[in-house]
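Residue numbering for the sequence shown follows the working numbering, beginning at 11 and increasing consecutively. In what follows, a structure is listed as structure tokens, so that the remarks can point back to it.
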Amino acid sequence: MSTTTAIKNDIANPALASEGKKRIEWAARNMPVLAQIKDRFAKEKPFAGVRIAACMHVTTETANLMLALKAGGADLALCASNPLSTQDDTAAALVHEYGISVFARNAVDRDGYYGHLNSALDIKPQLVFDDGCDLVNVLHTTRTELIEGVMAGCEETTTGVIRLSQMAKDGALKFPMIAVNDTDTKHMFDNRYGTGQSTFDAIFRATNTLVAGKIVVVAGFGYCGKGVAERAKGMGAEVVITEIDPTKALDALMQGFRVMPMTKAAAIGDIFITVTGNRDVLRDEHFKQMKDGAILANSGHFDIEIDVAWLEKNSKQKNSKMRHQTDEYVMADGRRILLIAEGRLANLGAAEGHPASVMDMSFSDQALTAEWLLKAGKNLTAGLHNVPVSIDKDVARLKLESMGSALDVLTPAQELYLNSWEHGS
11 MSTTTAIKND IANPALASEG KKRIEWAARN MPVLAQIKDR FAKEKPFAGV
61 RIAACMHVTT ETANLMLALK AGGADLALCA SNPLSTQDDT AAALVHEYGI
111 SVFARNAVDR DGYYGHLNSA LDIKPQLVFD DGCDLVNVLH TTRTELIEGV
161 MAGCEETTTG VIRLSQMAKD GALKFPMIAV NDTDTKHMFD NRYGTGQSTF
211 DAIFRATNTL VAGKIVVVAG FGYCGKGVAE RAKGMGAEVV ITEIDPTKAL
261 DALMQGFRVM PMTKAAAIGD IFITVTGNRD VLRDEHFKQM KDGAILANSG
311 HFDIEIDVAW LEKNSKQKNS KMRHQTDEYV MADGRRILLI AEGRLANLGA
361 AEGHPASVMD MSFSDQALTA EWLLKAGKNL TAGLHNVPVS IDKDVARLKL
411 ESMGSALDVL TPAQELYLNS WEHGS
């Protein structure tokens, strides 16, 4: 039922609301754990009167998290964490079907992006949700007058946790932030299985290339890199891993992947996927060696992992949008390099992001952590903190149950054995 209340927003097309509502409802079918949490929130209203500003990918899955928080009584303002990930129909539905304030337009420019962040912060939030630390960064640089009113927040990406860790190390972080990204149910499943599947979904939509028989170079072998490498191997590709961490590189080698520096991999790769959270992972020295037709995709968050500025400056010709979200850069020697989603998150810019069934766990972690913060936040010091293990285990248990599986239960003798040092071998 459409809302008639004037909701503050900046969206692309209100007429898309009914289509967005259908897609939000479709995603909800595959988010049973979050649905249970939403039902409880609706009865208990834990967020009554609480203002939450969220900077997240405006997708159907995020919409269901927002609806769960609203059911719990929260006053919400949502802005996009990536201009290309915004689903305009989802944004329209949140505003006009569900009465939630949204500031997000697909492909908005940099000024518009930061304008939206500031619009979300105008509600003077008590809790903040961030995907990449941009909202927290704005709070600590240009909107410092709001910091005193912020109780705490949640960060859901590896890149964001890296940035927050540095802020905390430098003593710059002024309120508690919870690393939702670091829960097992997030990084083991969302980062691994979600990123692995959605990245190739983007590559297929953008290029319709055949992976079998190709050499796929994966930069970074964290959980995201593992997922990408596993999917590539499963589709018949030869996989090369580049890493700066010797332990992760050894892990990749022991799993049967080739490991080498990017300076060597650049000359042999057909498809390059960056998942590091760092900058300039693919740069001039690599572009100069790449094969004609090399495909570049970034699933590591920000659009600086691939040095797009170099491509813009040094290619002799740019053929924009040769296919869906695919730009072709023609080098001086005639070689063509294909860039997906402008170097932004490929899996959200050229596809729809992670499957809803995976995000069900991540957003359940987020919702339960936010509820926990209402009680625990006042006792936490400024800095970066972990999600309580009990929340992570509860989400995993509920997900198992929703998938028709169950756990074994320890016998009294087993419990005694595990909790006693007195028993011998």
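Ideal Cβ positions, reconstructed from N, Cα and C, are used throughout, including at glycine. Given the structure is predicted, the values throughout are model-derived calculations rather than measurements.
Nearest Cα to PRO135 within the set LEU88, VAL118 and HIS106: LEU88. With respect to the 7 angstroms criterion, CYS65 and ASP192 are not classified as neighbours on the basis of their beta carbons.
By the neighbour-count definition (other C-beta atoms within 10 Å, threshold 16), ASP402 is a buried residue. Across the set ILE316, LEU75 and LEU349, the C-alpha of ILE316 shows the shortest separation from the C-alpha of LEU292. If you draw a straight line from the Cα of SER325 to the Cα of VAL340, it comes to about 5 angstroms. Annotation: PRO256 to GLY170 spans about 23 angstroms, alpha carbon to alpha carbon. Taking the C-beta atoms as reference points, ILE172 is found nearer than 7 angstroms to GLY287. Nearest C-alpha to PRO365 among GLY206, ALA242, ASP290 and ASP20: GLY206. Taken in chain order, the complete alpha helix (DSSP H) segments of 4 or more residues contained in the region 192-246 are 205-217 and 233-244.
Taking all protein chains in view, the Cβ of ASN396 is surrounded by fewer than 16 other Cβ atoms within 10 Å, so the residue is classified as exposed. Judged by their CB atoms, VAL368 and PHE113 are not nearer to each other than the 7 angstroms cut-off.
Closest in alpha carbon position to HIS106, among ASN19, ALA259 and ILE251, is ASN19. Between the region 62-78 and the region 88-101 there are three or more inter-stretch CB-CB distances shorter than 8 angstroms, so the stretches are counted as touching. In the three-state DSSP reduction, THR154 falls in the helix class (H, G or I). Distance check between ALA162 and each of ASN147, LYS184 and GLN176 places LYS184 closest, using alpha-carbon atoms only. A direct Cα-to-Cα measurement between ARG345 and ALA276 gives close to 14 angstroms.
Using a Cβ distance threshold of 7 angstroms, LEU44 and ALA78 count as a contacting pair. The beta-carbon separation of ASN40 and HIS67, rounded to 17 angstroms, does not stay under the 8 angstroms limit for a contact.
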